[in-house]
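Data first, discussion second: the structure below is written as structure tokens.
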Amino acid sequence: MALVEIENLSISFGGRPAVRGLSLNIERGDRFGIIGESGSGKSLTALAITGLLPETAKVSGQVRFDGAPLPSNEREMARLRGKHIGMVFQEPMTALNPLMTIGDQIGEAGTLADIATDIDGLLQEVGLLPPHGARFPHELSGGQRQRAMIAMALASQPELMIADEPTSALDAITQRKVLDLIGDICERRRMTLIFISHDIRAVAALCTKVAVMRAGEIVEQGSINAVLQSPKAEYTQLLLAASRMERRPRSAQAREALLTVDAVSRDYGHGGFWLWRQKPVRAVDRVSFSLGRGESVALVGPSGCGKSTLARMIVGLDSATEGQFRLDGTLYHGRDLPPLLRAGVSLVFQDPFSSFDPRMTVGTSLGEPLRLLGQMTREERERRLVEAIASVGLDPVMLSRYAHEFSGGQRQRLAIARAMVTKPRLLVLDEPVSALDVSVRGDVLNLLARLQEEHGLTYLIISHDLDMVAAMADRVLVMEAGRIIEQGRPNDLFARPQHELTRALMAARLPDVV
Amino acid sequence: MSWRHNPGLVGGLIAIIIFAALGLTSLWWTPYPIQAISVADRFQPLGPEHWLGTDHLGRDLLSMVMHGILTSLLVAASGVVIGIGVGVPMGLAAVAWGGWVEWLVLRLSDLAFAFPALIVAILIATLHGPGELNAIIAIGIFNIPVFARVARGGALAIATQDYVAAARLAGLGNAAIAARHLLPNIASLIIVQGTIQLSLGILAEAALSYVGIGTQAPETSLGLMLRDVQGVFLIHPWLSVLPGLTIVFLVIALNIAGDGLRDAIDPRLRRQGMNHGAG
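Chains as they are written, first to last, in this note's numbering: chain A, 12 to 525; chain B, 592 to 870.
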């Protein structure tokens, strides 16, 4: 008998269906992956299994756990969740209680299931040390918090663990470690796993069975090998194709420098007053490099290594404490970048959802940087906007709409259009695709490659996604703790990584599917 | 947002419109002139001649309540206008410029918070004599730090968004960012706080008039009506119950409408069901 049986499950909100006619059987011991884009209903399916759907949801169909239908009584449902189901959420910081120590929270989860908990043992099982149990969530790193979440889920010795995008808030190295940990634990405890993700490679690395969801329906399911080797549904084929990044042939001739970064440092003061002032933290430490015209350079490193701070200084959002930049022969230190040169440098933000003012039409937002070029006639302005939006493959009619009417991929295209509107020479791309669904990442990268070819752009790409870097960059700079520790062409660097961090980043890459 | 889903907003707004219409009518027409004293007609009960009766000087109570509502609304609304006009730019400037500007704004609002409206009103009354205008200024000064804090709090959250950084990249100065990006995005917060301050302002006006440093006779306000009749409260309770109840209903209507307004325009509360776990 299957552990979880879902029969004809439909969920809708205010008449809008979110999940339609979904049927699933999850056998004991399965590691079941659910793949889908954001909004495809994969998280709602998991919430339906745990009976945690919001009250406004209209549900029909049946969910059976261990042969019995889910109890309608909230108290019994809570007991079922406490004893038989463990859950790991996407964002561990908000899923843990900030006022309780990790150990107490793990102990509480065990007490609720009437199980004497060996807290130290659980901590060790998830790769933490006993002293970590006495700490509060904010005293742990993101990866450690997620480990603590897993220990909490394990405290009740559940038969089923549901992990909802457990690694998407973590950086590449931690992501791989947490995935391996989940896999090991399921193996050891013979636990059933439901793993929800939009990353087909994470699912391929961890799961034995998989269901692919789109717009509230399952388009394909089966064993992981069958689905990945011979995908039947068109959408699965699309997802698989998008997860492979083709490397672009790049020429490697020496180029004249467009931007030179000369021993730049950035210190952050840390509060305190006069004599009691704490020692400033150095986010960027004497970094020097140069970008050639038309070159595409990637800046790689774990979160907190100073790569975003460096990018903000280059585009003029922040000023260097020491050192200077030279763009096209003009010296600047950051915020003092003169307007006309500012028009020559653009930044594309990571999160397409917060980079447009919700109260402005897309056209107004796109037109904002044009003021850098001085007075402009109405027609000229209009012409530039239409040109920019057409160059990213969108319809000029969209200029009069608002940002919330667009999907993530479209918004990132619009963000690129805004960056292109002043016809810059240097584009700084801060994790340009990491907030996007896998299926549209390829499109956006292709667009960036085409724009570079057409306009002779120089790219500085900031990322921790080595596959994307390998596909896009001519040269890679690896950054750790504010310094550049290694650089080289991607093929050489990835084939023979010299530095420990580079090796760790390489090891964290998820294996290619197929 | 359909009207049917928000009965509070509709009910509150209708009540406020009725109150405001009563008040505005008193500008052109009242059943009796409010200054018309006729001692012979004093303490008339409710009846066809005087719908709500008369007070200890024989003045028509309905006329006085109508005019009192107008005074209360006018004073409170002017106080809110002063508060928004000065406080919101202060709060926005604190966020857009930061540094010593922010320090100055915060310390100024601390200072203003330290003086209750009553103390400010007494101070102004000592310097310039009591009156409606002084009540407006006192309530306005009291409102400034409230709006400065609300504007700063809202704008702080907006200022970390990427679109503000994008605007800086586009060469917009601090003032332009505050006007183009920060202000439109905190407008809903300001409107909601405005309705709250409006009801507080009505209470403050009543209190100031009651202690005798607000509206002065022969003008009238709800607080002044309470003050006038406190000596005969035990014999003719209706004379103080009427203005008291009017204040209560006015404030309740404003609070209900304010709550409804917040539900209607606060995106965090809107369509909560759909946003939760959609993925």
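The beta carbon of each residue, even a glycine, is placed where N, CA and C say it ideally should be.
Because the structure is a prediction, the values reported are computed rather than measured.
Three-way DSSP call (helix, strand, coil) for residue i in this model
i         : result
A:Ile-96  : strand
A:Arg-201 : coil
A:Arg-146 : coil
A:Asn-108 : coil
A:Asp-296 : strand
A:Asn-36  : strand
B:Thr-645 : strand
A:Ala-29  : strand
B:Arg-861 : Unreliable placement is indicated for B:Arg-861, whose pLDDT of 48 sits below 50; no coordinate value is reported for it.
A:Leu-310 : strand
A:Leu-348 : coil
B:Asp-819 : helix
A:Leu-42  : Here the sequence assigns Arg to residue 42 of chain A, which means Leu is not the residue at that position. The answer is strand: DSSP assigns A:Arg-42 an E or B state.
B:Thr-662 : helix
A:Leu-140 : coil
A:Gly-303 : strand
A:Ser-179 : coil
B:Asp-854 : helix
A:Glu-48  : coil
A:Thr-341 : strand
B:Ile-715 : helix
B:Ser-669 : helix
Inter-residue spacing [alpha-carbon to alpha-carbon] between residue i and residue j
i         : j         : result
A:Ala-274 : A:Val-295 : 10 Å
A:Arg-75  : A:Ser-83  : 12 Å
B:Gly-868 : B:Ala-844 : Only weak support is given to the placement of B:Gly-868: the predicted model assigns it a pLDDT of 33, under 50, and the question is left unresolved by the model.
A:Arg-142 : A:Thr-112 : The question names Arg, but residue 142 of chain A in the sequence shown is Pro. Cα to Cα, A:Pro-142 sits roughly 11 Å from A:Thr-112.
B:Pro-828 : B:Leu-813 : 15 Å
A:Met-160 : A:Gln-463 : 43 Å
A:Val-487 : A:Asp-448 : 24 Å
A:Glu-119 : A:Ile-193 : 21 Å
B:Thr-806 : B:Val-737 : 24 Å
B:Gly-745 : B:Gly-731 : 21 Å
B:Leu-697 : B:Ala-705 : 12 Å
B:Asp-632 : B:Ser-800 : 25 Å
A:Gly-340 : A:Ile-495 : 23 Å
B:Met-789 : A:Val-455 : The amino acid occupying residue 789 of chain B in the given sequence is Leu; Met does not appear at that position. Straight-line Cα distance between these residues: approximately 50 Å.
B:Gln-863 : A:Phe-24  : The predicted position of B:Gln-863 is uncertain, since its pLDDT is 40 and thus under 50; no value can be drawn from it.
A:Gly-153 : A:Lys-188 : 12 Å
B:Gly-670 : B:Leu-817 : 22 Å
B:Ile-605 : B:Pro-598 : 11 Å
A:Glu-465 : A:Ile-427 : 14 Å
Buried or exposed (CB count within 10 angstroms, at least 16 for buried), residue i
i         : result
A:Tyr-279 : exposed
A:Val-292 : exposed
A:Gln-528 : A question about residue 528 of chain A goes unanswered here, because the residues of chain A that appear run from 12 up to 525.
B:Ser-629 : exposed
A:Lys-318 : buried
A:Thr-469 : buried
A:Gly-227 : buried
A:Thr-529 : Because chain A here runs from 12 to 525, residue 529 of chain A falls outside it and cannot be looked at.
B:Asn-554 : With chain B covering 592 to 870 only, the question about residue 554 of chain B has no answer from this structure.
A:Val-530 : No answer is possible for residue 530 of chain A: the residues shown for chain A start at 12 and end at 525.
A:Leu-133 : buried
N-terminal and C-terminal residue of the alpha helix (DSSP H) that residue i is part of
i         : result
B:Pro-736 : 723-750
B:Asn-765 : 765-768
A:Leu-468 : Where A:Leu-468 is concerned, there is no enclosing alpha helix (DSSP H), given that its DSSP letter is neither H nor E.
A:Leu-133 : 130-136
B:Gln-788 : 774-801
A:Arg-566 : With chain A covering 12 to 525 only, the question about residue 566 of chain A has no answer from this structure.
B:Arg-698 : 690-705
N-terminal and C-terminal residue of the beta strand (DSSP E) that residue i is part of
i         : result
A:Lys-318 : Careful: A:Lys-318 lies outside any beta strand (DSSP E), inside the alpha helix (DSSP H) at 318-326.
A:Met-371 : Counting along the chain, A:Met-371 falls outside any beta strand (DSSP E), and DSSP gives it neither H nor E.
A:Asp-278 : 268-279
A:Phe-24  : 15-24
B:Ile-675 : Per DSSP, B:Ile-675 belongs to no beta strand (DSSP E) and is neither H nor E.
A:Ala-174 : 171-175
A:Thr-357 : The amino acid at residue 357 of chain A is misidentified as Thr; the sequence shows Ser. Looking at the DSSP string, the run of the beta strand (DSSP E) that includes A:Ser-357 is 356-359.
A:Glu-491 : 486-491
field: Segments of 3+ residues assigned as beta strand (DSSP E) that fall wholly inside the region 60-97 of chain A
entry: Here the runs fully enclosed are 68-76.
field: Contiguous alpha helix (DSSP H) assignments of at least 4 residues, all confined to the region 387-446 of chain A
entry: Taken in chain order, the complete alpha helix (DSSP H) segments of 4 residues or longer contained in the region 387-446 of chain A are 389-402 and 419-431.
task: Could you name each continuous beta strand (DSSP E) segment of 3 residues or more that falls completely within the region 186-248 of chain A, going from the start of the chain to the end?
output: Counting whole runs of 3 or more residues, the region 186-248 of chain A contains the beta strand (DSSP E) stretches 203-208, 220-225 and 228-234.
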